[in-house]
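Below is one structure, written out as structure tokens; comments come after it.
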Amino acid sequence: MRTALTNDLAQAAEVIRRGGVCAFPTETVYGLGADVFNERAVAKIFDAKHRPADNPLIAHISDKTQIERLASAITPTAAKLIEAFFPGPLTVVLPKTEAVPPIATAGLQTIGIRMPSFELAHRFLELCETPVVAPSANLSGRPSPTTWQAVYEDLAGRIDCILQAEAADIGLESTVVDCTGTTPLLLRKGSVSIEELILVVPDLQTSDVARDEVSRSPGLKHRHYSPRARVVLIDGPGKNDSRNSAAFIGLDRPHREFQSVKVCIDINEYARSVFAFFRECDAKGIEVIYCQTVSELGIGAALMDRLRRAAEE
Ligand code: TXA
Ligand code: MG
46 MRTALTNDLA QAAEVIRRGG VCAFPTETVY GLGADVFNER AVAKIFDAKH
96 RPADNPLIAH ISDKTQIERL ASAITPTAAK LIEAFFPGPL TVVLPKTEAV
146 PPIATAGLQT IGIRMPSFEL AHRFLELCET PVVAPSANLS GRPSPTTWQA
196 VYEDLAGRID CILQAEAADI GLESTVVDCT GTTPLLLRKG SVSIEELILV
246 VPDLQTSDVA RDEVSRSPGL KHRHYSPRAR VVLIDGPGKN DSRNSAAFIG
296 LDRPHREFQS VKVCIDINEY ARSVFAFFRE CDAKGIEVIY CQTVSELGIG
346 AALMDRLRRA AEE
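If you count the sequence shown from 1, you need to add 45 to reach the working numbering.
Structure (structure tokens):
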């Protein structure tokens, strides 16, 4: 299959409307989209990414009225979160309608819904004239793509189209909150922080206390965000590795030479650049990437979550 590269929104949306799969930019990471109501199109996403069939997809909307076709009920908790954070980097999980095919939600009776705030994504989704399910547009297990080039690296020849745009502004995937129960449950940390969520839903349960977290969000058990290099977390500015093929990313300039160094001006830049840095290190054949830990405030909690997962053996 030839993968078309385009910056023409209408051309990219046409791919979705015709039952193809098209990668597109959002404020978090690039997604790999298909029409939620077209089972064959949705199946192509799982094929292209080598995604395990038990990992559900998030439906992306351009307008809140589209929620009706996807969710059979909007719980009070969801209503508050939607009001506060849509459009933006938050996914709410709600009971699904019959219209949503089981393949999209990996057989679950629930569906994750999000409305991207990135203007280009919004216009693309409008032109698709249907909600678009989209996981991150990487091969399963690889770092999420924050540039169209990263999508191309993983999926060229496996998908119909890539809508080209600038690098994603946030760089980490959306916050996911399960709103199906009586109390909202945080399933994945993201750039909408726990502090911000609690202002709107004070009874939020964080996944640290949730016992059935993994069964409620199957994606969490799969291997994630991993470069080929080994990832090691360190709390200082790295000085203890004698190998040549080591790299460093963090907030403080390291005391020794590394083959690759990324010193970020703040935690937002760290979040924005970490996945691209992992990919860059892989391209250079680097063996170990030292990642400086950060305090778990705001987006720091999501960043530390991704770093820990990347560091898992
Ligand atoms: O920022 C994002 O969310 C990006 C962009 C493209 O929107 N998408 C993304 O999708 O990160 P993906 O598939 O890589 O991650 C979706 C996460 C997985 O952990 C999945 O298990 C969880 O959301 N999820 C999706 N639907 C769910 C559901 N019905 N119940 C529980 N968890 C769900
Ligand atoms: Mg993903």
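All C-beta atoms in this analysis are idealised placements derived from N, C-alpha and C, irrespective of residue type, glycine included.
request  = Counting only runs of 3+ residues fully inside the segment 71-106, write out the beta strand (DSSP E) ranges in chain order.
outcome  = 76-80, 103-105
request  = Go ahead and label asparagine 52 buried or exposed: buried means 16 or more other beta carbons lie within 10 angstroms of its beta carbon, across all protein chains shown.
outcome  = exposed
inquiry  = For isoleucine 331 and phenylalanine 82, I'd like the C-alpha separation in whole angstroms.
reply    = 42 Å
key: 7 Å Cβ cutoff met for threonine 120 and serine 219   = no
query = What are the partner residues of tyrosine 315, as DSSP defines its beta bridges?
reply = Tyrosine 315 is not bridged to any residue.
inquiry  = Please report the distance separating the alpha-carbon of histidine 300 from that of proline 282.
reply    = 7 Å
key: Spatial neighbours of arginine 62 in its chain, beta-carbon cut-off 6 Å, leaving aside the 5 residues before and after   = none
inquiry  = So, with DSSP's three-state summary, where would you put valine 221?
reply    = strand
message = Here's the rule: buried if 16 or more other CB atoms are within 10 angstroms of the residue's CB, otherwise exposed. What is histidine 95?
response = exposed
Selected residue, minimal CA-CA separation from tyrosine 335, among Asp311, Ser305, Leu342 = Ser305
Residue closest to aspartate 327, alpha-carbon to alpha-carbon, out of Ala316, Ala346, Pro272 = Pro272
query = Going by the C-beta, is proline 180 closer than 6 Å to any heavy atom of ligand 2?
reply = yes
query = Considering only the beta carbon of each residue, do proline 190 and alanine 104 sit closer than 7 Å?
reply = no
request  = May I ask which residues mark the beginning and end of the alpha helix (DSSP H) holding cysteine 336?
outcome  = Careful: cysteine 336 lies outside any alpha helix (DSSP H), inside the beta strand (DSSP E) at 333-337.
request  = Determine which residues share a DSSP beta bridge with cysteine 67 and list them.
outcome  = Gly78, Cys206
query = Taking the alpha carbon of proline 132 as the point to measure from, which residue in Ala116, Ile243, Glu72, Asp205 has its own alpha carbon closest?
reply = Glu72
ask   = How would you call glutamine 154, buried or exposed, if buried means at least 16 neighbouring beta carbons within 10 angstroms?
value = exposed
ask   = Mind checking whether isoleucine 207 and valine 66 have CB atoms under 7 Å apart?
value = no
inquiry  = Does the contact criterion of 3 or more C-beta pairs under 8 Å hold for the segment 223-242 versus the segment 339-356?
reply    = yes
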